[in-house]
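To start, the structure itself, in structure tokens.
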Amino acid sequence: MKDSTANPAVPSVAARPDLSLSGVTKAFATATALQDVDVTLPAGKFSVLLGPSGCGKSTLLRLIAGLDHPTAGTIALGPDRIDHLPPKGRNLAMVFQSYALFPHLDVAENILFGLSVRRVPKAERQERLERVASMMGLSELLARKPAELSGGQQQRVALARAVISQRPVCLMDEPLSNLDAKLRAEMRSEIRALQQRLDLTMVYVTHDQVEAMTMADHIVVMNAGRVEQVATPRDLYAHPASVFVAGFIGTPPMNLLPRAAIPGVAAPAGAATIGIRPEEVAQGGDGLRLRAAVRSVEYLGADQIVTLEVGGARLLLRQSGQALPPGDALSLTLPEPALHFFDDAGHRLPSPSDQSPQPQQELQRETRA
Amino acid sequence: MVRKDWLIALAFLAPALILLFTFTHYPAVQTVIDSFWSTARGRRPSVFVGWDNYARMLQDDIFRRAMINNAIYAAITIPASVALALAMALFVQGRILGRGFLRMAFFTPTVLPLIAVANIWLFFYLPGFGLFEQVRGLAGLSPRNWIGDPDTALYAVTAVTVWAQAGFFMIFYLAALQTIPPSLREAAEIEGCSRWTFFRRVTWPLIMPTTLFISVNATINAFRTVDHIFVMTQGGPNNASMLLLYYIYEQGFRFWDTAYASALTVVMVIILAIVGIGQFFFLDRKVHYR
């Protein structure tokens, strides 16, 4: 990350501490939003909190920001506990889902709001504004009011407000959910590039797995107030730690069949569920052969999803869109290295897929970044 | 065919038109006309007198007194009720114990008829026994006749007005405050913005349209609300609490000098129009509308 040293906005690497949470619990009067969350969000990395709505990911972000207070547990930035500090004492910036722009202030005033509140000298303010505005492509829009901007431009102003604070940690709460699909794809790469350029410690909340997979260094998958798995996107996809993660990641997600549905599989003792990705269900080659009845076909262009029935369970198969429409039945092969096993409680068991894919890919990705 | 459409349209419009013209437009025009004529008395019919009625105002000490009183009355009630309304709204907006009860309590004066309320306030001000007297008694101060003393009568009725209308204005402020998204406060909090700075730089500008609306209303009320004068002071003592509208009532319906009352009414409407429009144009440029 050689860019970062050239940028004066970034504090020295040594000063950037990890954000660590341990035993964090948040209970409301009628429900428990977070249960005993232990997770470390490394400095300078893009961490995504991913989960279905109501899983507690936004609550966790608000606890980090100091907008809410944990019932139990500690939040620390490096060696210092920050959970007792007010939001302003935590040295972090935040981008809200609604952008939280001040409607009566123009773009320049919005971006400078924090600096002027903190009484940063005028000359420095102006200098930082010019740099950030040109970085975010907002130089032409500084005199406009938020209502005169498009959604994407408003989003950029919100980002600029976080960037100009020059704080090492940046929190984002579903920042792209109000944008249309095309803009979302653009902003994804823009935010990722910004994070790498400024070497920010990013904590990004989303329910969209595409955002998580494309942007994150680390994904923290959450469900029902607990952390299900913390892993890189590749690892998460290749080795889901639980039935929940397996069934959440991927479009369509992993096939999860009761063991009884495919009795021919050599599963380890205690395996209750067998998982296989739709794209790894093959129609030839080595592996367990079986016949399945075709129920429906969903044509998506580049590929198509065939819904099959095996031993009373549903099995999805992804095949090329150019494949001929299947008839009433197909003969399939389940390659052994593609199988995942889970126990009764939904936890992963040692599986043949543990060996794939090769870890080198992960390294390559790191060096490229 | 076209004729028939016209007739039907007219038939539908007639009830509103008749009511409006009979009770609003015709009297308004007639008032302006009357103000240039003398009042008919007994065998003397009304004659055209030109600007005489207006010239008479310049010589009228009670009119001058009423104008000065009304200016003081407006200068106190407008800012005081706006400030009190905002303070109450900010107070009951947050999560505090008994919020519903407090909101109701603050709004109650609006629901009560001012005439009835004025009677209660009479007791508050009662020399010797009243609420304020008892408090003063505890502090060892000498008794005072609040509404019987020319020095205090105007302020006594002014206080009632502020009390009576602030709760009503509070509702508008409360509604405006609730349209400000909480995320703005949170974003400001992360930036290290104090409560006061947030109020000054965000809340106040965002509720400016409401402030404008309320202050125009308060201005109109300052010339219009005289119900409690009837009950409490009748303009006295020695015209110390005489307000313009009450003076018009006295001239028009007690002394039956309708021509002079008409001229006074025209003056009052002109003042109201100038103040109202001025307020609107002056403040409107500073207001951010969403």
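For the record, the sequence lines run as chains P and S. With the first letter of the first sequence counted as 1, position 59 gets the number 166 in our numbering; the numbers rise by one all the way through. With the first letter of the second sequence counted as 1, position 193 gets the number 1514 in our numbering; the numbers rise by one all the way through. Ideal Cβ positions, reconstructed from N, Cα and C, are used throughout, including at glycine.
The criterion of a C-beta distance shorter than 8 Å is satisfied by Ile412/P and Pro385/P. At a Cβ-Cβ threshold of 8 Å, Met322/P and Arg304/P do not count as neighbours.
Ala207/P reaches chain S at Pro1502, Ser1504, Leu1505, Glu1507 and Ala1508, counting residues in chain order whose Cβ is nearer than 8 Å. At least one CB of chain P lies nearer than 8 Å to the CB of Gly1513/S. Assignment of Gln142/P by DSSP, reduced to helix, strand and coil, places it in the strand class.
In this structure, Glu318/P keeps its C-beta atom at 8 Å or more from the C-beta atom of Val328/P.
In the three-state reduction of the DSSP assignment, Leu156/P falls in the strand class. A contact between stretches requires three or more CB pairs, one per stretch, nearer than 8 Å, and the stretch 249-269 of chain P meets this requirement with the stretch 206-222 of chain P. By alpha-carbon distance to Thr1540/S, the top candidate from Gln1486/S, Leu1433/S and Ser1359/S is Gln1486/S. Within chain S, no C-beta atom comes nearer than 8 Å to that of Arg251/P; the closest sits roughly 14 Å away. Annotation: Pro1530/S has no Cβ neighbours in chain P at a cutoff of 7 Å; minimum Cβ distance is about 10 Å. Taking a C-beta distance under 8 Å as the contact criterion, Val401/P and Leu148/P do not qualify as a contact pair. Counting along the chain, Thr181/P sits inside no alpha helix (DSSP H); it lies in the beta strand (DSSP E) bounded by residues Ala179 to Leu184. By the CB criterion at 8 Å, Thr313/P and Glu281/P fall inside the cutoff. For Arg225/P, the residues of chain S that pass the 8 Å Cβ criterion are Glu1512 and Gly1513, in the order they occur in the chain. In this structure, Ser129/P places its C-beta atom within 8 Å of the C-beta atom of Gly180/P. Cβ neighbours of Ala1406/S within its own chain (closer than 7 Å, five residues either side excluded): Ala1487, Phe1490, Met1491, Tyr1494 and Ile1535. Taking 8 Å as the threshold, the shortest C-beta distance from Met243/P to chain S does not fall below it.
At a cut-off of 8 Å between beta carbons, Phe220/P contacts chain S. Taking C-beta atoms as the reference points, Leu245/P and Arg232/P fail to come closer than 8 Å. Exposed is the label assigned to Lys289/P, since fewer than 16 other Cβ atoms lie within 10 Å of its Cβ. Beta-carbon to beta-carbon, Val1537/S and Gln1600/S are separated by about 6 Å, close enough to satisfy the 8 Å threshold.
The alpha-carbon separation between Ile271/P and Ala150/P amounts to approximately 19 Å. Per the C-alpha coordinates, the member of Met242/P, Gln302/P, Asp213/P and Ser165/P positioned closest to Arg251/P is Asp213/P. Not flagged as an interface residue toward chain P: Leu1566/S, since no C-beta distance is shorter than 8 Å. Taking a cut-off of 8 Å on C-beta distances, the stretch 1322-1332 of chain S does not touch the stretch 363-379 of chain P, as fewer than three cross pairs fall below it. Rounded to whole angstroms, the gap between the alpha carbons of Lys164/P and Leu156/P is 6 Å.
The three-state reading of DSSP puts Pro1503/S in helix, counting H, G and I together. Beta-carbon to beta-carbon, Ala1477/S and Tyr1446/S are separated by about 6 Å, close enough to satisfy the 8 Å threshold. Pairwise C-beta distances place the stretch 433-448 of chain P in contact with the stretch 390-404 of chain P, as three or more of them are shorter than 8 Å. Proximity of Pro194/P to chain S, defined by a Cβ-Cβ separation below 8 Å, is satisfied.
Ile1436/S: member of the alpha helix (DSSP H) spanning Leu1435 to Tyr1446, first to last residue.
In this structure, DSSP gives Glu281/P a state outside helix and strand, which the three-state scheme calls coil.
What Ala240/P touches in chain S, judged by beta-carbon distance under 7 Å, is nothing: the nearest beta carbon there is about 18 Å away. For the stretch 1337-1351 of chain S, no residue has a beta-carbon sitting nearer than 8 Å to a beta-carbon of chain P.
When C-alpha distances from Arg398/P are compared across Arg188/P, Val417/P and Ala292/P, the shortest belongs to Val417/P.
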